[in-house]
Structures are given as structure tokens and as C-alpha cells.
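Colleague:
Numbering (full-length UniProt numbering), first residue to last: 1 to 344.
1. For residue 214, which residues of its own chain have a beta-carbon under 6 Å away from its beta-carbon, when the five flanking residues on both sides are left out?
2. Going by the beta-carbon positions, is the gap between residue 237 and residue 258 smaller than 7 Å?
3. Report all residues from its chain with a CB closer than 8 Å to the CB of residue 177; omit the five preceding and five following residues, and keep chain order.
4. Hey, would you say residue 36 sits closer than 7 Å to residue 29, going by beta carbons?
5. From residue 199 to residue 80, what does the alpha carbon distance come to, in whole angstroms?
6. Given that a residue counts as buried once 16 or more other Cβ atoms are within 10 Å of its Cβ, and exposed if not, what is residue 251?
7. Using a threshold of 7 Å, state whether the C-beta atoms of residue 203 and residue 302 are closer than that.
8. By how many angstroms is the C-alpha of residue 294 removed from the C-alpha of residue 138?
9. Taking just the CA atoms, how far does residue 98 sit from residue 32?
10. Could you work out which residue in 241, 274, 192 and 309 is closest to residue 263 when comparing CA atoms only?
11. I'd like the list of long-range same chain contacts for residue 14, defined as Cβ closer than 8 Å, with 5 residues on each side in sequence excluded.
12. Alpha carbon to alpha carbon, how far is residue 78 from residue 87?
13. Please return the same chain residues whose Cβ sits closer than 6 Å to the Cβ of residue 233, not counting the five positions on each side in sequence.
14. How big is the Cα-Cα spacing for residue 274 and residue 128?
15. Would the beta-carbon of residue 45 fall within 7 Å of that of residue 21?
16. Taking buried to mean at least 16 other C-beta atoms within 10 Å of its own C-beta, is residue 272 buried or exposed?
17. Are the segment 148-165 and the segment 103-115 touching, with three or more C-beta to C-beta distances below 8 Å?
18. Does the distance from the C-beta atom of residue 148 to that of residue 107 stay below 7 Å?
19. Please report the straight-line C-alpha distance between residue 192 and residue 286, rounded to a whole angstrom.
20. Helix, strand or coil for residue 27? Go by DSSP, reduced to three states.
21. Taking the alpha-carbon positions, what's the residue 179 to residue 171 distance?
22. So the candidates are 11, 134 and 278; which of them puts its Cα closest to the Cα of residue 83?
23. Going by C-alpha to C-alpha distance, which of 75, 85 and 72 sits closest to residue 50?
24. DSSP has residue 101 in a bridge; who is on the other side?
25. How about residue 120 and residue 220: are their beta carbons less than 7 Å apart?
26. Can you give me the start and stop residues for the beta strand (DSSP E) that residue 43 sits inside?
27. Roughly how many angstroms separate the alpha carbons of residue 284 and residue 211, rounded to a whole number?
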């Protein structure tokens, strides 16, 4: 890639153009509208980086005045230890198409890739990574951003250090956005209101998805693994029961066209032997009405995470202590708790 001009995002000189020297790029992932490369940043600092090259669909004209959405979102929020940082960004043109290039901090793995390698998390790591995920989601929601695609492949990881970061903000939106379609969020992690046809986008979507990922961390398999959107609906209705009129109204969606049934319940669905504290957390989040789901901040205070509060910090299976977490969450002032509850 060589020497090029880019815009610095955070820190001293943010928003100004700087010269980058990027070497040794090699592809490490690809999608419909983006490719991701691992590379060595040589100047103005030496570090490994991930470079995400994104392009607009051919039927969408790139605006000269509107910033690329993912760049706009990541530039609008301060750095956070559990969110991938946008360091620099620049554009390139290839065959009359604008390529938006995001230079991001790098972590060596993602949760999906570790699963494919057969690596499972023990109970402490499952709690640690779940807490870090909800910490990222809570921070986003404080900045009025909804991620809209929380899933294992969008969670990058340094498993040795126990550090997880939320990545891929290509679908992220600001609070108050009305979706053009209910087809948001990868199927296994999609909440019922979207499956039932709602286009109203709320932070409760991210919380549902994160709770499903928590189950994934514990068991190394999806909680609801539907073969299609219709099958996904059946799985959820089987567990939660057919939604009432009040629940349908709260979700702002139409009634699901599936057989009416009573609730099987999460406890029976996950089976005997599942962590009781984790089950309690899931039962407080996986409910139909978005406003009745616990917020990310409330989830972080759930007793499932009590082991992470111990002093000295607990030791992981690799003989390293857990990384420093956002400990101020354990000491939130009472009026802040009230504010969180009122916003849920």
C-alpha cells in the first residue's frame, strides 16, 4: 500500500491530514461490500493494524458531502477499551468506484474463528467476555448509537490477554432511526420484534443479541439456531409462548403466523446443568417487550458477574489475571442508577 494521506481520528491532531506508511498488507477477511486486511503501520507510529476497505453497492451513489456511515459513527464516539478504535481513514478510487478505507486497531482473532478452531471458553472467560461485550454496548448506547449486528464474528479478541472488542459498525445507526426494512441483525441474534416485521430500531435490539451471544460463550453454540427466518420465529415462540396483544403492540409489529402455544420456558429449553445465574440474566433480557428488557448497564450489575469483582482479580486458566474492567460500573451513584432505569 505504501505511503498515503489519511485523516487522523482521535488524539492530538484529530481531524487533520497525516502521512501514513503502510506495509505488508495481507487479506484476512472478505464480505459482500468490504475486505479486511492485516498490515504493518510504519509511520507515523509502528503497530499492527486492520484495514477495512468498504464500498457502496453499485446502485448507490457515493455522496460527496455526506460522510461514510461507519466512519461517521466511529469518529463520533470516544475511544473505549472494548470497542475497536478507528485510527485513521482515507479514500481510494478503483474503476470509478470510491473505496472507503478504515485503519483500525488490531486484535488477532474473533470469537467465530476460535469456535471454528474448536476452542471453548471456561466459565470465567465466558463471564469476562460477556461483561466486556455489555460494557461496549452500554458505552455505545450512552452515545446514542445502536450497533445492529452483534454476533461472534463481529467480536475480535486477544484470547491470551482476555480482551474483547466490538467491531464492524457497517450497520450501526443513531437512536431514533427508522429502518427501511425489518431485515436487520444476523438471524440467530435477531430479536423477535424484527422477526415479526417491525422497522423500529431501539437499543434493546443490541441487548437481545448480546444475551444470545452470552449463551454462545457458555455453550459454544447458538441459542436459537433457526434454519430460516420462519424457523427462527417458531423457536422463539416455542420458548416464550405466543405473544399477547400488549406484547405485539409494544413491539410495533404484526402477529407472527405460527401455531399458538404456551411458553416452554428458557429453563427447560437450555436444560439441566446450565448456570443458574446465567439463566437468571437471560430470563431478564429475553422477553418480547423491548422496554421490559434490562438495559446493558443493568445487565452489567447482574450477580452473574460477581466473580469479576473479587479482589485480587480472579486468575484465568492461562495463569493471567483478568484485565482491568470498567470498575466504576460497580460504584455507580444512586441517581445514575435511576437515570438508567428511566431510560430503559
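Glycine included, C-beta positions come from ideal geometry on N, C-alpha and C.
Please read all numbers here as calculations on a predicted model, not as lab measurements.
Modeller: Considering the structure as presented:
1. The answer, listed in chain order, is 130.
2. Yes.
3. Hits under 8 Å: 146 and 201.
4. Yes.
5. Counting only the Cα atoms, residue 80 lies some 29 Å from residue 199.
6. By the neighbour-count rule (16 or more Cβ atoms within 10 Å), residue 251 is buried.
7. No, they are not a contact pair.
8. Separation of residue 138 and residue 294 (C-alpha to C-alpha, rounded to the nearest whole angstrom) is 11 Å.
9. Straight across, the Cα-Cα distance linking residue 32 with residue 98 is about 15 Å.
10. Considering only alpha carbons, the answer is 241.
11. Only 8 meet the Cβ criterion.
12. Between the alpha carbons of residue 78 and residue 87 lies a gap of roughly 11 Å.
13. So the qualifying residues of the chain are 195, 256 and 258.
14. Near 17 Å, if we compare the C-alpha coordinates of residue 128 and residue 274.
15. In this structure, residue 45 keeps its C-beta atom at 7 Å or more from the C-beta atom of residue 21.
16. Classification for residue 272: exposed.
17. With three or more CB-CB distances shorter than 8 Å, the segment 148-165 counts as touching the segment 103-115.
18. Taking 7 Å as the Cβ cut-off, residue 148 and residue 107 do not qualify as a contacting pair.
19. Approximately 9 Å between the Cα atoms of the pair.
20. In the structure shown, residue 27 sits in a strand (DSSP, three-state: E or B).
21. One Cα belongs to residue 179, the other to residue 171, and the distance between them is close to 11 Å.
22. Taking each of 11, 134 and 278 in turn and checking the Cα distance to residue 83, the smallest one comes out for 134.
23. Cα-wise, what sits closest to residue 50 is 85.
24. 53 and 90, per the DSSP bridge assignment.
25. Remark: C-beta atoms of residue 120 and residue 220 approach each other more closely than 7 Å.
26. Per DSSP, the continuous beta strand (DSSP E) segment holding residue 43 begins and ends at 34-43.
27. Looking at the backbone, the Cα of residue 284 and that of residue 211 are separated by about 10 Å.
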